[in-house]
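If you read the sequence shown in numbering that gives the first Met the number 0, its first letter stands for residue 0, the second for the next number, and so on.
Glycine included, C-beta positions come from ideal geometry on N, C-alpha and C.
The structure appears right after this line, and notes come after that.
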Amino acid sequence: MAICKSFVWTKTGFFLLLFSSIVNLCWTRTSQIEISFADQIQNYRAQLETNPNQVGIRLALARTYLLFEAFEQAMEEYLQIIAIDPKRADGYFGLGLSLAGQEEFDKSISAYQNAIDISSDLPQYHAALGRSYAQLYRYDQAESAYRRAIDLKTDDAVFHHQLGVVYAQQGKKDEAIYQQKQAIDIQPQISQAYHQLGLLYGQQNLWDKAVSAYLTALKQNPELVESSYNLAQAYFRQGKMEEAKQQMSRYQELKSQIDPINKLRGAFQQSHDQLERAAIKSNIGRIYLQHKKIREAIIEYQKAIGLNPKQVEAHNGIGLAYTMTQKYDLAISAQQRALELDQNLAEAHAGLGLVYFLTNQQEMALKCYRRAIDSRLDFVDPYLKIGQILLDQRRYTEASQIYRSATEIASTNVEAYYNLGLAYDYQENMADLALDAYKRVAELDPEYHQAYYQMGQIYEDKNNFEEAEKAYLTIVQRGSKVPQVYQALAQLYGKNQEQLNQAVSYAQKAIELSPESASCYNTLALIYFRLGDYLQAESAIKKALSFSPESSVYQEGWRQIQQKLDK
0 MAICKSFVWT KTGFFLLLFS SIVNLCWTRT SQIEISFADQ IQNYRAQLET NPNQVGIRLA
60 LARTYLLFEA FEQAMEEYLQ IIAIDPKRAD GYFGLGLSLA GQEEFDKSIS AYQNAIDISS
120 DLPQYHAALG RSYAQLYRYD QAESAYRRAI DLKTDDAVFH HQLGVVYAQQ GKKDEAIYQQ
180 KQAIDIQPQI SQAYHQLGLL YGQQNLWDKA VSAYLTALKQ NPELVESSYN LAQAYFRQGK
240 MEEAKQQMSR YQELKSQIDP INKLRGAFQQ SHDQLERAAI KSNIGRIYLQ HKKIREAIIE
300 YQKAIGLNPK QVEAHNGIGL AYTMTQKYDL AISAQQRALE LDQNLAEAHA GLGLVYFLTN
360 QQEMALKCYR RAIDSRLDFV DPYLKIGQIL LDQRRYTEAS QIYRSATEIA STNVEAYYNL
420 GLAYDYQENM ADLALDAYKR VAELDPEYHQ AYYQMGQIYE DKNNFEEAEK AYLTIVQRGS
480 KVPQVYQALA QLYGKNQEQL NQAVSYAQKA IELSPESASC YNTLALIYFR LGDYLQAESA
540 IKKALSFSPE SSVYQEGWRQ IQQKLDK
């Protein structure tokens with residue numbers, strides 16, 4: 000197996016962590032006030048039009064650019080600040096950050112040194128200088144800069160962690176371990192420090208300690224790909240082959256999710272076209288949204304819109320993200336903005352439809368989903384949502400029509416066929432069409448157990464007990480633990496005097512899976528009644544009544560059982 004992977008900060012990722020710790024600007028703050036970058040920029044620029052020399056406003060504008068990684072624009076603002084006031088240390092510091100974001104590390108060093116010359120007692124300036132030195136492999140100078148930062152602020156976990164990384168690069172393992180432990184003492188949730196400890200312990204063949212460190216790192220941040228990989232290697236070195244195999248499988252799954260994002264981040268770093276960079280950020284947001292990383296998706300979409308306020312996919316994407324967090328007013332605004340930019344964007348119409356659907360405004364939802372279909376006939380999701388609304392409204396004929404249209408444009412969509420079957424099922428004399436739809440579901444997805452259950456119900460209604468049995472048993476044989484299936488088999492076998500013992504077995508299994516189901520106990524009582532075992536029937540019906548004492552059906556069953564017992 001391969002050797003453990005070293006932890007390497009991505010240049011942009013490290014820059015953002017450093018910047019947020021320095022100026023106390025973070026994404027939670029942005030998301031709390033819900034002001035987009037584009038709106039912030041517009042606000043600051045409007046103020047600068049009245050007085051271009053407002054350094055405080057220009058600083059806020061520059062920092063906003065930094066937050067969504069518009070480094071060139073940030074650099075221009077910091078240069079303006081320095082031109083207005085050459086003694087502004089924060090102007091040079093921000094200039095250094097914007098240069099570092101563009102990987103101009105030599106130039107960033109010069110800017111940081113200018114900031115330090117003006118104001119030498121701010122630890123973040125020295126830490127940023129250390130980072131740029133480290134990027135250029137000038138580790139002695141990086142070490143000195145970080146040490147100075149720590150002298151000025153001893154309780155900053157990030158500074159200790161970064162100094163530890165520099166020590167590790169120099170082969171100073173003991174010093175590196177000490178600094179990472181210092182970082183953890185200050186901030187126990189700093190996952191990167193645990194990762195570094197894992198690396199350092201592994202280099203000394205201290206595999207138990209390495210495993211412990213990697214496990215802690217992953218507990219704090221499950222997306223640390225390097226820790227996931229290195230943990231598998233550490234298990235291998237311990238001779239724990241099964242754990243190594245399982246961990247490697249987890250690593251491969253994580254890597255498959257993270258790799259596309261990392262590739263896009265690399266493309267973002269290489270691109271100097273602002274519109275292209277906005278599109279890349281939007282794509283990163285889309286991937287996060289697919290993996291239900293909503294906060295991260297919102298951040299990336301905000302950056303995309305900051306880079307290009309006309310990035311229509313980003314407005315649509317952030318609208319979906321807001322919908323998923325139940326911020327419906329923001330979601331509507333985002334989708335409406337997307338439609339202002341492209342009135343035929345089907346996804347935006349569907350996004351509005353989803354908001355109205357989730358807020359029980361069904362007629363509005365139907366209008367939006369129909370507009371989505373008008374904009375793009377092959378967009379299947381609106382068909383499915385319209386069908387769902389029509390089913391809920393018991394408009395079964397219309398529902399079957401829309402689902403049939405969905406199957407025509409998406410001939411392998413399982414949901415469309417299953418719901419088509421349901422829509423037919425609710426209509427008179429449509430059982431054969433429903434059965435055909437459910438059979439198609441079973442062809443497309445043999446593990447779609449609901450389809451077999453519905454097929455069994457239809458076959459029972461047709462008195463085709465052999466086919467009904469086959470449908471139900473298919474579900475059982477595939478390991479399903481759904482009590483309704485076992486109850487259906489119990490009821491099916493309960494109709495045949497020769498299969499009553501099997502019926503009892505299935506009814507008992509249904510109760511085992513759903514021990515508080517009055518219906519399952521009633522089924523068992525009926526079967527015992529047919530067997531002539533009235534005492535067992537009485538026990539079962541009493542259980543049913545204990546869960547549903549008002550049921551007239553169960554009360555009548557109890558009376559019939561009592562009549563048999565009284566004879």
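Member of the options whose CA lies at the smallest distance from the CA of residue i
{"i": "residue 256", "options": "286, 272 and 426", "result": "286"}
{"i": "residue 547", "options": "564, 516 and 524", "result": "516"}
{"i": "residue 296", "options": "452, 283, 541 and 203", "result": "283"}
{"i": "residue 111", "options": "391, 100, 93 and 102", "result": "93"}
{"i": "residue 328", "options": "206, 339 and 357", "result": "357"}
{"i": "residue 201", "options": "188, 139 and 176", "result": "176"}
{"i": "residue 121", "options": "95, 152, 129 and 133", "result": "152"}
{"i": "residue 267", "options": "101, 562, 470 and 455", "result": "101"}
{"i": "residue 449", "options": "239, 471, 435 and 385", "result": "471"}
{"i": "residue 539", "options": "555, 549, 551 and 519", "result": "519"}
{"i": "residue 204", "options": "237, 346 and 461", "result": "237"}
{"i": "residue 265", "options": "513, 273, 254 and 279", "result": "279"}
{"i": "residue 482", "options": "509, 495 and 499", "result": "509"}
{"i": "residue 39", "options": "437, 306 and 435", "result": "306"}
{"i": "residue 503", "options": "189, 410, 480 and 536", "result": "536"}
{"i": "residue 568", "options": "476, 480 and 464", "result": "What is shown of the chain runs 0 to 566, which leaves residue 568 out entirely."}
{"i": "residue 323", "options": "343, 312, 561 and 289", "result": "289"}
{"i": "residue 436", "options": "84, 415 and 427", "result": "415"}
{"i": "residue 194", "options": "213, 183 and 88", "result": "213"}
8 Å Cβ shell around residue i - same chain, five flanking residues per side excluded
{"i": "residue 154", "result": "185"}
{"i": "residue 259", "result": "286"}
{"i": "residue 53", "result": "46 and 47"}
{"i": "residue 37", "result": "304, 305 and 308"}
{"i": "residue 178", "result": "159, 160, 162, 163 and 166"}
{"i": "residue 269", "result": "none"}
{"i": "residue 31", "result": "Model confidence at residue 31 stands at a pLDDT of 40, short of 50, so the residue's coordinates are unreliable and nothing is read from them."}
Proximal residues to residue i (C-beta, below 7 Å), its chain only, five neighbours per side dropped
{"i": "residue 413", "result": "440, 443, 444 and 447"}
{"i": "residue 433", "result": "420, 423, 424 and 457"}
{"i": "residue 76", "result": "57, 60, 61 and 64"}
{"i": "residue 147", "result": "125"}
{"i": "residue 182", "result": "156, 159, 160, 163, 189 and 192"}
DSSP three-state assignment for residue i, whether helix, strand or coil
{"i": "residue 484", "result": "helix"}
{"i": "residue 359", "result": "coil"}
{"i": "residue 61", "result": "helix"}
{"i": "residue 84", "result": "coil"}
{"i": "residue 291", "result": "coil"}
{"i": "residue 316", "result": "helix"}
{"i": "residue 30", "result": "Only weak support is given to the placement of residue 30: the predicted model assigns it a pLDDT of 43, under 50, and the value that follows is read from those uncertain coordinates. If DSSP states are grouped into helix, strand and coil, residue 30 belongs with the helices."}
{"i": "residue 476", "result": "helix"}
{"i": "residue 500", "result": "helix"}
{"i": "residue 308", "result": "coil"}
{"i": "residue 259", "result": "helix"}
{"i": "residue 322", "result": "helix"}
{"i": "residue 69", "result": "coil"}
{"i": "residue 513", "result": "coil"}
{"i": "residue 429", "result": "coil"}
{"i": "residue 120", "result": "coil"}
{"i": "residue 368", "result": "helix"}
{"i": "residue 348", "result": "helix"}
{"i": "residue 338", "result": "helix"}
{"i": "residue 125", "result": "helix"}
{"i": "residue 381", "result": "helix"}
{"i": "residue 376", "result": "coil"}
{"i": "residue 105", "result": "helix"}
{"i": "residue 495", "result": "coil"}
Cβ-based neighbour list, residue i, same chain, cut-off 6 Å, excluding 5 preceding and 5 following
{"i": "residue 318", "result": "330, 333, 334 and 350"}
{"i": "residue 167", "result": "175"}
{"i": "residue 242", "result": "234"}
{"i": "residue 563", "result": "533"}
{"i": "residue 169", "result": "138"}
> What are the complete alpha helix (DSSP H) segments, minimum 4 residues, inside the segment 170–246?
Replying inline: 172–185, 190–202, 206–219 and 224–237
>> Please give me, in chain order, every unbroken run of the beta strand (DSSP E) with length at least 3 that falls completely inside the segment 136–166.
In response: none
> Which ranges would you report for the alpha helix (DSSP H) in the segment 32–57 if only whole runs of at least 4 residues count?
Replying inline: 36–49
>> Runs of 3 residues minimum, wholly inside the segment 391–424: which ones carry the beta strand (DSSP E) assignment?
In response: none
> Residue ranges of each beta strand (DSSP E) run of no fewer than 3 residues wholly in the segment 426–469, ordered along the chain?
Replying inline: none
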